Amino acid sequence: MNEKHLKSLNEIYKLLESHRIESTKTELYDANRFNPFQFITTDENGLSRIMSFFLDPLETHGQQDLFLNSFLKYLKLHKFLSYDKASIYCEKLTTNKRRHDIFLEGWMNNKLTWVISIENKLKDAKDQAEQLTDYYKDLKNFGVPFFLIYLPRFKRLPSKESIPEIDWEQLSNEHKAIVLEAKDIIKWLEQTPILAPKIKNFTQDFIRFLKEEIMHETHDSNKFLDQIIKNSNWIYTATSLIENSNNLYEKLDNLLIQQLQQKLENEFPIIVSFGWHFNTNGHSTGFYLDKGDVDIQPWGVGIEFESSNCKNAYYGIWAHKLDLSEEKYKQLDAIFTYSDFRNSKWWLNWKWCDKNLQNWDAETWKNVITGELSNQIFDLLKPFIIDINHHINELEKLSCK
């Protein structure tokens, strides 16, 4: 990058800083960053419950079937509008023990007339083997018209592992399945003629949440981009950075790991002597402290991201339950016992990160250079590291099955 590009980059930084200052000034009067959804559970299950709230005519929003009918019209399922009762469920069991994220039933004269399944991937959860195939089979078993919805953050086809490409294509061509994205949910809600002011405000807050937290769009960033595209030099510099973003993040990842490793060597040299080190499986996956080989040691400490672009971070003790004998897993569980942590087959103990580390942005990455980010992460993981250090000889005996 030559001197001209560096000058352009500095100009872009000054523009960005001026937008930040302007936003800070207006925030005093309009609280533009506040959204009540920061206090509402918005993991995958939480988002499913919110959508079910809108879709259920009997819910406390009082809008009766306005949301549901608007949704059916958006999907062009006009025949499904013939119903006198609708039942909306979250986590409805299938015949083979899977669960539909959101399940809708339409009834007429006490007779089931249609069913809809929504597979919620707004948080970028991975497709499971034959997941949509099983949902499709379950829908067919009802013996009534059905519709299957795949809902990722941004529009993409479901994986071949979830459903064969030819099967999904056939369902789509027959208008029995569709891929929606967060933008579609926003359009549906904006098209719904909401009458109650409270619900209108709640809906607007949810739309803003989807734009900012799911799609990562903000009003300030849009204004900033409007300025960028007015200057050809700025466009060239910005797009050049985008082209090199993978290399940039790789360098930042490596620097962060070096800083964390240096702290480990300074404070816990015994752990280092046993081969422990900080590492990553790639940008936006997470940062881990272990021996770097799951076949040798299927557990460790880490901070990991549920969603792409380093969003929805959680931390704790990861442990692959299937790769450890029951006895070894119990021993591990006895050593690492903490309150307010959750458990899964991949994590012995995990917990969502606090706000400052949960969703990484430019402000977060800026703190790599100062060392502040490595300090935050190390302090977050330090209680686990202390326990590892205290039980290191015992833990070294916990090998794979």
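The letter at position 63 of the sequence shown is residue 63 when you use full-length UniProt numbering, and the numbering goes up by one with no holes.
C-beta atoms are modelled at their ideal positions from N, C-alpha and C, and glycine is treated no differently.
Given the structure is predicted, the values throughout are model-derived calculations rather than measurements.
Straight-line Cα distance separating residue j from residue i
i, j, result
"LEU210", "VAL294", "36 Å"
"LEU357", "VAL179", "31 Å"
"LEU81", "HIS175", "16 Å"
"MET51", "THR203", "10 Å"
"TYR150", "CYS310", "23 Å"
"ARG208", "SER308", "19 Å"
"PHE142", "LYS111", "12 Å"
"LEU395", "ILE377", "23 Å"
"PHE34", "LYS397", "49 Å"
"PHE39", "GLU212", "15 Å"
"ASP340", "TYR329", "19 Å"
"SER232", "LYS126", "39 Å"
"ALA196", "ALA319", "48 Å"
"GLN170", "HIS277", "49 Å"
"TRP365", "ASP184", "31 Å"
"LYS382", "ILE296", "23 Å"
"ASP239", "ASP253", "As written in the sequence, residue 239 is Thr, which differs from the Asp given in the question. The alpha-carbon atoms of THR239 and ASP253 are separated by roughly 21 Å."
Beta-carbon separation (whole angstroms), residue i vs residue j, contact threshold 8 Å
i, j, result
"LEU66", "THR192", "6 Å"
"LYS140", "PHE146", "7 Å"
"ILE303", "LEU380", "7 Å"
"TRP188", "SER70", "6 Å"
"MET108", "ARG153", "Not confirmed; about 35 Å, so no contact."
"SER162", "GLN131", "5 Å"
Member of the options whose CA lies at the smallest distance from the CA of residue i
i, options, result
"SER48", "GLU165, LYS121, LYS85, ASN266", "LYS121"
"ASP84", "GLN64, GLU165, ARG98, ASP101", "GLN64"
"GLN259", "LEU58, PHE274, ASN279", "ASN279"
"GLU165", "THR133, LYS187, ALA196, TRP318", "THR133"
"HIS100", "ASN69, ASN281, ASP138, SER70", "ASP138"
"ASP387", "ASN375, PRO298, PHE268", "PHE268"
"PHE37", "ASN367, SER87, ASN45, PHE206", "PHE206"
"GLN331", "LEU248, ASN393, ILE296", "ASN393"
"THR41", "LYS123, LEU55, LEU252, ILE118", "LYS123"
heavy atom of the ligand ADP below 6 Å from residue i C-beta
i, result
"THR133", "The ligand ADP is absent from the structure shown, which contains no ligand whatsoever."
Using 8 Å as the cut-off, can you tell me whether the region 304–320 makes contact with the region 340–360, which would need three or more C-beta pairs spanning the two stretches below that distance? Enough Cβ pairs lie closer than 8 Å, so yes.
Sufficient close CB pairs (3 or more, under 8 Å) joining the region 54–74 to the region 90–98: Too few Cβ pairs lie closer than 8 Å, so no.
Can you check the region 112–152 for any beta strand (DSSP E) of at least 3 residues that lies completely inside it and give the ranges in chain order? Positions of the beta strand (DSSP E) runs, each at least 3 residues long and wholly inside the region 112–152, are given as 146–152 in order along the chain.
At 3 residues or longer, what runs of the beta strand (DSSP E) sit wholly inside the region 233–283? Listed in chain order, the complete beta strand (DSSP E) runs (minimum 3 residues) inside the region 233–283 are 277–279.
Does the region 333–352 touch the region 278–287, meaning 3 or more C-beta pairs lie closer than 8 Å? No, the region 278–287 does not touch the region 333–352.
Which residue spans inside the region 60–114 form an unbroken alpha helix (DSSP H) run of at least 4? Taking only runs of at least 4 residues, the alpha helix (DSSP H) segments lying wholly in the region 60–114 are 66–74.
Just list the alpha helix (DSSP H) runs in the region 163–193, keeping only unbroken ones of 4 residues or longer that don't cross its boundaries, in chain order. DSSP runs (the alpha helix (DSSP H)) wholly in the region 163–193: 165–173, 182–191.
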